[in-house]
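Structure first, commentary second.
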Amino acid sequence: MKHKFGKLVLASAMLISLQACNNNDDAPEVVNENEIISRVTLTLNGTQGDIVTLNSVDPDGDGPLAPTVTVSGDFNAGETYNGTIEFWNDIADPHEDNTEEIREEKEHHQIFFQQKGLGTITYSDVDANNLPVGLSYKFVASSTPAKGDLTVTLIHKPNKTGENVSNGDITNAAGSTDAQVTFPIVIK
1 MKHKFGKLVL ASAMLISLQA CNNNDDAPEV VNENEIISRV TLTLNGTQGD
51 IVTLNSVDPD GDGPLAPTVT VSGDFNAGET YNGTIEFWND IADPHEDNTE
101 EIREEKEHHQ IFFQQKGLGT ITYSDVDANN LPVGLSYKFV ASSTPAKGDL
151 TVTLIHKPNK TGENVSNGDI TNAAGSTDAQ VTFPIVIK
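The C-terminal residue of the sequence shown carries number 188 in my numbering, and the numbering is unbroken.
In structure tokens:
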């Protein structure tokens, strides 16, 4: 009996010492989680000199409070607008500019612009693989007056090579949603 007990103690001690020596080189790499985004701001500079700002402020991030969405004005029919988008975490103290992190991790983010009949939106920036990001873009407003919604979605770790994803189609993007906001748009 002593002999079996001694083997059990020896085996247990070896197992514990092997675990203690494990340096976790094979441990999975920590992947950045989705960003906390409480403010999304799109700034569109028209070729005729006007500026339209779309802003969404969600004071509790993913909490129960609805965001406050504002649009500073209408778009001119047929006009071209050069746009930029910013993402902020105003819940953090101090506030965090998530835009810089997205810019640094372009391969892991893509912004999608979903709308019908408002005009065309094309990407102006790409990642190291020449795939779109969406922090800068061009919007050509419809040549006729229109009203509708523009939904802006930031996807974390999208499948950028999925069918039509590089053309801005969110259908096959997969990934997870960092932010999504819908703006009411008027083309006059």
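The beta-carbon is built from N, C-alpha and C at its ideal position, and this holds for glycine as well.
query	result
Rounded straight-line distance, which links the Cα of N34 to that of S17	The predicted position of S17 is uncertain, since its pLDDT is 42 and thus under 50; a value taken from the coordinates is nonetheless stated next. Each residue's alpha carbon lies about 37 angstroms from the other.
Proximity below 8 angstroms, CB of T53 to CB of E79	no
Which of helix, strand or coil DSSP assigns to N130	coil
Residue environment, K106, which counts as buried when at least 16 other CB atoms sit within 10 Å	buried
The stretch 161-175 / the stretch 110-130 touching (three or more Cβ pairs under 8 angstroms)	yes
Per-residue DSSP class, three states only, for I185	strand
Rounded C-alpha distance that separates N45 from N82	5 angstroms
Residues near S143 by beta carbon distance below 6 angstroms, same chain, minus five either side	A77 and G78
Distance between beta carbons of V57 and S38, contact taken as under 8 angstroms	7 angstroms
Cβ neighbour criterion (16 or more within 10 Å) applied to H156	buried
C-alpha gap between S176 and T153, whole angstroms	10 angstroms
I111, DSSP secondary structure in three states	strand
Beta-carbon spacing of P158, A174 below 8 angstroms	yes
Pairwise C-alpha distance: T43 and I91	22 angstroms
Spatial distance of H95 from N89 (CA atoms)	6 angstroms
For L44: DSSP bridge partner residues	V52 and G83
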